[in-house]
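Input: a single structure, listed below in structure tokens.
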Amino acid sequence: MTRDEMVAYCLGLPAAWLDRPWEETEVAKVGSRIFAFLGAPHDPPRVWVKCGPDRVLADEWLHRHPSDAAVAPYLGRYGWNALRLDGGIADDELFEAVDASYEAVVARLPKRERPA
Numbered sequence: 011m012t013r014d015e016m017v018a019y020c021l022g023l024p025a026a027w028l029d030r031p032w033e034e035t036e037v038a039k040v041g042s043r044i045f046a047f048l049g050a051p052h053d054p055p056r057v058w059v060k061c062g063p064d065r066v067l068a069d070e071w072l073h074r075h076p077s078d079a080a081v082a083p084y085l086g087r088y089g090w091n092a093l094r095l096d097g098g099i100a101d102d103e104l105f106e107a108v109d110a111s112y113e114a115v116v117a118r119l120p121k122r123e124r125p126a
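Residue numbers (my numbering): 11 to 126.
So this is what it looks like as structure tokens:
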């Protein structure tokens with residue numbers, strides 16, 4: 011999967027929008043919260059997503075995909091992982107991970123910020 015395909019998928023989710031909070035770094039948000047870190051266009055193709063409510067569940071990704079999943083720097087303790095887009099993780103699994111991250115973030119949004 012390419013970075014552009016992942017960006018398009020993220021932005022296709024209800025009320026998702028692209029933000030650039032740090033120079034070239036792009037993130038996908040719903041409401042005021044990030045559900046996917048997409049990096050800069052020149053970075054290796056990865057997506058950082060919330061893979062579980064804690065490290066225990068998020069670590070399942072590391073066991074299943076040891077070469078293509080890693081603990082996301084700074085956010086890892088909260089269940090975030092960095093997943094390679096051009097590695098061995100199937101596109102369907104990547105989409106499911108993004109969907110799960112999106113749903114987890116939407117569930118914690120104030121009602122006024124949730125997609126209709």
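For glycine and all other residues, C-beta sits at the position ideal for the given N, C-alpha and C.
Which residue or residues does DSSP assign as beta-bridge partners of residue i?
i     : result
Ala82 : According to DSSP, Ala82 bridges with nothing at all.
Leu93 : Val57, Ala79
Arg43 : Val40
If you reduce the DSSP assignment to three classes, tell me which class residue i lands in.
i      : result
Asp102 : helix
Asp53  : coil
Arg124 : coil
Glu113 : helix
Ala38  : strand
Within the continuous alpha helix (DSSP H) that includes residue i, where are the two ends?
i     : result
Glu70 : 65-74
If I'm right that residue i touches residue j with Cβ under 8 Å, what's the distance once you round it to whole angstroms?
i     : j      : result
Thr12 : Leu95  : 7 Å
Arg43 : Ala92  : 18 Å between Cβ atoms; not a contact.
Trp90 : Cys61  : 7 Å
Ala25 : Pro125 : 4 Å
Which two residues bound the contiguous beta strand (DSSP E) that contains residue i?
i      : result
Asp164 : The question about residue 164 has no answer here: the residues shown for the chain are numbered 11 through 126.
Arg30  : 26-32
By a C-beta neighbour count over all protein chains shown, 10 Å radius and 16 as the cutoff for buried, is residue i buried or exposed?
i     : result
Val66 : exposed
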